[in-house]
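Comments concern the structure below.
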Amino acid sequence: MNSEATRHFRAFLDALGLTPEIDAELERTPQRFATMMAEMSAGISAAPPVLSVFGVTSANHEAHSGPIVLLGLPFSSLCVHHLVPFFGTIDVAYVADEQMVGFGSIGRVIDHFAARPQVQERLVAEIADYLASHLKPRGLLVRCRARQLCMELRGAKKRGTLVSFAARGSLCEGELRQELIAQFSSAQQPL
């Protein structure tokens with residue numbers, strides 16, 4: 019596939035007049051682009067990650083009766099409409115029921131669903147759905163803050179941060195949801 023993608027991208031560049039005769043640095047651009055696209059869309063064909071799950075027991079129940087919160091997990095993805103990057107951070111909070119997940123597992127879930135051409139709203143929904151279906155928490159809240167280069171480099175040409183949420187279970191509404199959103203906001207860093 020990489021050689022076919024390289025050939026097609028070379029033809030695309032040629033159609034735009036972007037040839038090695040114009041700039042010698044363009045000679046290997048088709049191969050580089052094909053490799054980059056394969057890497058950034060690897061999540062399409064890869065199996066979803068296996069979660070490291072731990073049972074909530076009577077010994078650890080009290081310590082984990084409140085929300086478990088992970089803040090500022092970085093990600094990058096490709097806008098499905100323009101094939102340019104969008105990137106930022108994802109925050110995840112959940113209220114465990116019978117099981118908890120290792121923190122590294124959440125990062126692998128984010129990486130898996132971000133590794134494909136995507137829209138931000140679907141990305142947070144896919145992360146929330148996957149974690150909810152495997153953890154079965156009482157409640158789950160996912161927030162994504164991202165810079166969209168398609169908005170910054172073309173069209174509006176404005177830098178901004180797009181924020182999307184996905185909630186499941188008890189965190190779809192209520193006071194705890196509002197407290198977690200406030201916690202997400204107080205911990206955010208510039209993108």
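In this text, residue positions in the sequence shown follow this note's numbering: the first is 19, and each later residue adds one. Don't be surprised by glycine CBs; every beta carbon is placed ideally from N, CA and C.
| query | result |
| --- | --- |
| R172 and F104 closer than 8 Å at C-beta | no |
| Contact under 8 Å by Cβ, G157 with L189 | yes |
| Cα-Cα separation, H130 to A56 | 13 Å |
| Any beta strand (DSSP E) of 3 or more consecutive residues that is wholly inside the stretch 40-127 | 71-73, 86-97, 103-113 and 117-119 |
| Nearest to P135 (by Cα), restricted to the options A33, T107, M118 and V102 | V102 |
| Identified DSSP bridge partners for Q136 | C97 |
| Short Cβ contact (8 Å threshold) for L89 with F121 | no |
| R161: first and last residue of the uninterrupted beta strand (DSSP E) it sits in | G157 to Q166 |
| Rounded C-alpha distance that separates L31 from T37 | 7 Å |
| Collapsed DSSP secondary structure at A29 in the structure displayed | helix |
| Helix, strand or coil at R172 according to DSSP, with G and I counted as helix | coil |
| Extent of the continuous beta strand (DSSP E) run through S182 | L180 to G187 |
| A60 classed as buried or exposed, judged by whether at least 16 other C-beta atoms fall within 10 angstroms | exposed |
| Beta-carbon contacts of Q138 that lie in its chain and below 7 Å, excluding the five residues immediately before and after | F104, C162, A164, L180 and S182 |
| First through last residue of the alpha helix (DSSP H) which encompasses Q196 | E193 to S204 |
| Y112 and I128 closer than 8 Å at C-beta | no |
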